[in-house]
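Chemist: So the sequences go chain by chain: E and D. First residue of the first sequence: 985, per this note's numbering; consecutive thereafter. First residue of the second sequence: 985, per this note's numbering; consecutive thereafter.
Number of protein chains: 2
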Amino acid sequence: MLVEVTRGELVESRHRGAAVVVDSADRLVAGWGGVDTPIFPRSAVKPFQAVPLVESGAADAFDVTSRELALACASHGGEAVHVLGVEAWLRRLGLNVEHLVCGPHSPLDPVAAGDLLARGDRPTRLHNNCSGKHAGFLTLARHLGVPADGYGDPGHPIQRRVFGVLAEMTGADAEHAVIAVDGCGVPVMAMSLRELARGFSLLADPDRLPALRSAAVRRVCEAMTSHPLDIGGTGRFDTLVTEAGRGAVLTKCGAEGVACAALLGLGLGIAVKIDDGGKRAAEVALAALMVRFTSPDPRLRQMLATFATREVRDTRGQPVGMLRPAFARPDPRRTLRL
Amino acid sequence: MLVEVTRGELVESRHRGAAVVVDSADRLVAGWGGVDTPIFPRSAVKPFQAVPLVESGAADAFDVTSRELALACASHGGEAVHVLGVEAWLRRLGLNVEHLVCGPHSPLDPVAAGDLLARGDRPTRLHNNCSGKHAGFLTLARHLGVPADGYGDPGHPIQRRVFGVLAEMTGADAEHAVIAVDGCGVPVMAMSLRELARGFSLLADPDRLPALRSAAVRRVCEAMTSHPLDIGGTGRFDTLVTEAGRGAVLTKCGAEGVACAALLGLGLGIAVKIDDGGKRAAEVALAALMVRFTSPDPRLRQMLATFATREVRDTRGQPVGMLRPAFARPDPRRTLRL
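1) Cβ of Leu1037(D) less than 9 Å from any chain E Cβ?
2) Using a Cβ-Cβ cutoff of less than 8 Å, which residues in the same chain neighbour Leu1322(E) once the five nearest sequence positions on both sides are dropped?
3) What three-state label does DSSP hand Cys961(D) in the structure shown?
4) May I ask which residues mark the beginning and end of the alpha helix (DSSP H) holding Glu1071(D)?
5) Using a cut-off of 8 Å between C-beta atoms, extract the partners of Gln1302(E) located in chain D.
6) Grouping DSSP H, G and I as helix and E and B as strand, with all else coil, what is Thr1209(D)?
7) For Arg1103(E) and Leu1110(E), I'd like the C-alpha separation in whole angstroms.
8) Give every residue of the same chain whose Cβ lies closer than 6 Å to the Cβ of Ala1158(D), excluding the five residues on either side of it in the sequence, and list them in chain order.
9) Within this structure, are the beta carbons of Pro1025(E) and Val1242(E) separated by less than 9 Å?
10) Secondary structure at Met1306(D), three-state DSSP: helix, strand or coil?
11) Pull out every residue of the segment 1085-1098 of chain E whose Cβ sits closer than 9 Å to any Cβ of chain D, in chain order.
12) Whose Cβ in chain D lies nearer than 7 Å to the Cβ of Asp1137(E)?
13) Can you tell me where the beta strand (DSSP E) with Asp1007(D) in it begins and where it stops?
14) Hey, Leu1307(E) and Glu993(E): beta-carbon distance below 9 Å or not?
15) Does the structure place the segment 1089-1105 of chain E close enough to the segment 1207-1218 of chain E that three or more beta carbon pairs sit under 8 Å?
16) So what does DSSP say about Pro1190(D), is it helix, strand or coil?
17) Comparing C-alpha positions only, which one of Ala1266(E), Val1296(E) and Met1287(E) sits nearest to Val1275(E)?
18) Going by other Cβ atoms of all chains shown within 10 Å of its Cβ, with 16 needed for buried, is Pro1280(E) buried or exposed?
19) Going by DSSP, what residue range makes up the alpha helix (DSSP H) through Arg1283(D)?
20) List in chain order: all unbroken beta strand (DSSP E) runs of 3+ residues lying wholly within the segment 996-1054 of chain D.
21) Starting from Ala1246(D) and walking both ways along the beta strand (DSSP E), at which residues does that stretch end?
22) If you measure beta-carbon to beta-carbon, which residues of the segment 1000-1031 of chain D are closer than 8 Å to chain E?
23) Given a threshold of 16 other Cβ atoms within 10 Å of its Cβ, counted over all protein chains shown, does Thr1123(D) qualify as buried or as exposed?
24) Where Pro1309(E) and Leu1273(E) are concerned, what is the direct C-alpha to C-alpha distance, given to the nearest angstrom?
25) Is Ala1266(E) helix, strand or coil when you go by DSSP?
26) Where do the N-terminal and C-terminal ends of the alpha helix (DSSP H) with Val1165(D) fall, by residue?
27) Here's a check: name, in chain order, each residue in its chain whose Cβ is nearer than 6 Å to the Cβ of Ala1161(E), leaving out the five neighbours to either side.
28) DSSP puts Met985(D) in a beta bridge; with which residues?
29) Please state whether DSSP places Glu1152(E) in a helix, a strand or coil.
30) Based on the DSSP secondary-structure assignment, which residues constitute the bridge partners of Val1256(E)?
31) Taking just the CA atoms, how far does Ala1232(E) sit from Gln1143(E)?
32) According to DSSP, what are the bridge partners of Leu1122(E)?
33) Taking its Cβ as the centre, do 16 or more other Cβ atoms sit within 10 Å of Gln1033(D), making it buried, or is it exposed?
34) DSSP state of Val1130(D), grouped into three classes?
35) Mind checking which residues open and close the alpha helix (DSSP H) that includes Val1095(D)?
36) Report the three-state DSSP secondary structure of Leu1273(E) (helix, strand or coil).
So this is what it looks like as structure tokens:
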């Protein structure tokens, strides 16, 4: 068990899952649950999916800004800042919303969703939380001189190049990994939670990477930490925690209960997967682990504390229970040092 | 494990939980997981909370219609039909929205929520999915001549009377049960899943109850099956399944992964609690159990099948996985017959 939800004196609901902390030498620092079981990392791998955009020279060739690079790593809220940012980026490429293969969905940000409804407008593919990632794929395709058509297909050169980076950064076996379709229509490669955390530990310690990769990773991380609003949005976990970290941490959550962090100064990667896919529990578990392993910067710790333990309130706004971490002691077979 | 979510070839997420089927003689028909562990039934007990409204004579004294009785049992979507229905009922009592102690929340029905936003209006307490239950409590208070003030407090005569009915119908020990605060601000009494299912089995076989209770239960059940739109709303599980059952079944779901059914012809009660509180899984598990235990009415089976196994689609609308039951064999220690 990782997280529990109380109401009055009882534990009302329980979230099981796996969690792992690794260092950039690929040593297990702490582990809970099935850290070697394949999972789909979903949007948590967006920082890695953005690496080829920089590494290939595409970002420089197309004047991709640091903000746009942050959008390429984003699960954004579909707020005006995100939608207009991706739209302008596509326009610079001579492309538009029709070139995106992701589907439309209502903005994740409730205010943006309400504004859209209030204007009588429908969401477009630009509102898809992954639209920045797709703009990145299109930029890479343009730079490599490969057809943009079918850029989301698993056999397309873009996705094959992305798989290569994912394999190199995480140690996952791209040749034999299970591939499925992510929510935005592009392939998602299964990997273990430990492999996913390893990737984040290398974001946190890029010196271990070859020079070209290291420079690309630094630029991606700097984009994310410099533009936290662009990687998520108003009130969203990744934005608030990464912003509070002021360059010391970045986090990236994914659908179905995935949440990851790179502790940039410490060379540590953390990955959480909630068995049942619960977002609320993934945020609590990741925040609790970050409190344990990050440096004692008061602002960051304060922000993490607000996510690690949250009140459950009734519709009158009265506190009636708690959402809180409930980690067992780390599995000793999975813990080299603490 | 009760329910799994697949993506491509992998199981991406898993929902554990408990489920139980009992007959009206309180015999266990089938059980999975911790059926004797206390849980909060949340809104699943609304049919029982409505019984004193009828049994006391309050419903007759205040001309409570069958539709209003269905609203008293509802977790409604805050659609116009619900909001206007509760408002008219309160007006007949000489009361208004200010007398409700539940808090406001955005309508559960997405179209109703969008319409509200588009009009620039804010949700009121009438939009609270429990507003009909609260109108029932106020009607009962008026009839019993007790103060309406504080009708949601655990020591108020209304709640004490409701606890008594809950204890009698489910066998739960109201004296020693853990009491907490439900989402709408009124008390919620913990009970085991088996006790909850027992209550539903008695909805399904009211002949076992004393005459006055039996008549009240019949009237509540008839209200729910005659007005399925009023117990939930457009597209909602309880509405669609109860409507498809055409008098043979009723269902009532509650927050944090609770879902219950009364198989009215068969004298069976079913209760499900998903450990992690997942609504999606509660609906799948209950629908799967109902398919197994209901009569082979084609329309009902068709509706249950659409809930028991559902496609997971990406934002383009393409199927990418499944949400489906994954029950282990029933626990033999918890299964008297199958």
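We treat Cβ as the ideally placed atom computed from N, Cα and C, and that holds for glycine.
Modeler: Looking at the atomic coordinates:
1) Answer no: the Cβ-Cβ gap between Leu1037(D) and chain E never drops below 9 Å.
2) Confidence in Leu1322(E) is poor, its pLDDT being 37 and thus under 50, which makes the residue's placement too unreliable to answer from.
3) An answer regarding residue 961(D) cannot be provided, because it is not within the stretch 985 to 1322 covered by chain D.
4) Ala1064 to Arg1076 is the extent of the alpha helix (DSSP H) around Glu1071(D).
5) What Gln1302(E) touches in chain D, judged by beta-carbon distance under 8 Å, is Val1165 and Gly1169, going in chain order.
6) When DSSP states are grouped into helix, strand and coil, Thr1209(D) belongs to the helix group.
7) The alpha-carbon atoms of Arg1103(E) and Leu1110(E) are separated by roughly 17 Å.
8) Around Ala1158(D): Phe1147 and Ala1151.
9) Result yes, Cβ atoms of Pro1025(E) and Val1242(E) sit closer than 9 Å.
10) Residue state, collapsed to three classes: strand.
11) Close to chain D, meaning a Cβ-Cβ distance shorter than 9 Å, are the following residues of the segment 1085-1098 of chain E: Val1085, Cys1086, Gly1087, Pro1088, His1089, Ser1090, Pro1094, Ala1097 and Gly1098.
12) The contact set of Asp1137(E) on chain D, defined by CB atoms closer than 7 Å, is empty, because the minimum CB distance reaches about 13 Å.
13) For Asp1007(D), the uninterrupted beta strand (DSSP E) segment begins and ends at Gly1001 to Asp1007.
14) No, the Cβ-Cβ distance between Leu1307(E) and Glu993(E) is not below 9 Å.
15) By the C-beta criterion, the segment 1207-1218 of chain E is judged to be in contact with the segment 1089-1105 of chain E, since at least 3 inter-stretch pairs fall below 8 Å.
16) Secondary structure of Pro1190(D) (DSSP, three-state): helix.
17) Comparing Cα-Cα distances from Val1275(E) to each of Ala1266(E), Val1296(E) and Met1287(E), the minimum goes to Met1287(E).
18) When all chains shown are included, Pro1280(E) counts as exposed.
19) In this chain, the alpha helix (DSSP H) harbouring Arg1283(D) covers Pro1282 to Ala1292.
20) Runs found: 1001-1007 and 1012-1016.
21) In this chain, the beta strand (DSSP E) harbouring Ala1246(D) covers Val1242 to Leu1247.
22) Those would be Arg1000, Pro1022, Ile1023 and Phe1024, in chain order.
23) Thr1123(D) is buried by the Cβ-count criterion.
24) Our two residues, Pro1309(E) and Leu1273(E), have alpha carbons roughly 9 Å apart in a direct line.
25) Here DSSP, grouped into helix, strand and coil, assigns Ala1266(E) to helix.
26) The continuous stretches of alpha helix (DSSP H) do not include Val1165(D), which lies in the beta strand (DSSP E) extending over residues Ile1163 to Val1165.
27) Taken in chain order, the residues that qualify are Met1173 and Ala1174.
28) Looking at the DSSP assignment, Met985(D) forms no beta bridge with any residue, so it has no partner.
29) In the three-state DSSP reduction, Glu1152(E) falls in the helix class (H, G or I).
30) Answer is Ala1003(E) and Ala1243(E).
31) Roughly 30 Å separates the two Cα atoms.
32) As DSSP reads the structure, Leu1122(E) sits in no beta bridge.
33) So Gln1033(D) counts as buried.
34) Collapsing the DSSP output to three states places Val1130(D) in coil.
35) Segment Pro1094 to Ala1102, the alpha helix (DSSP H) holding Val1095(D).
36) Three-state result, Leu1273(E): helix.
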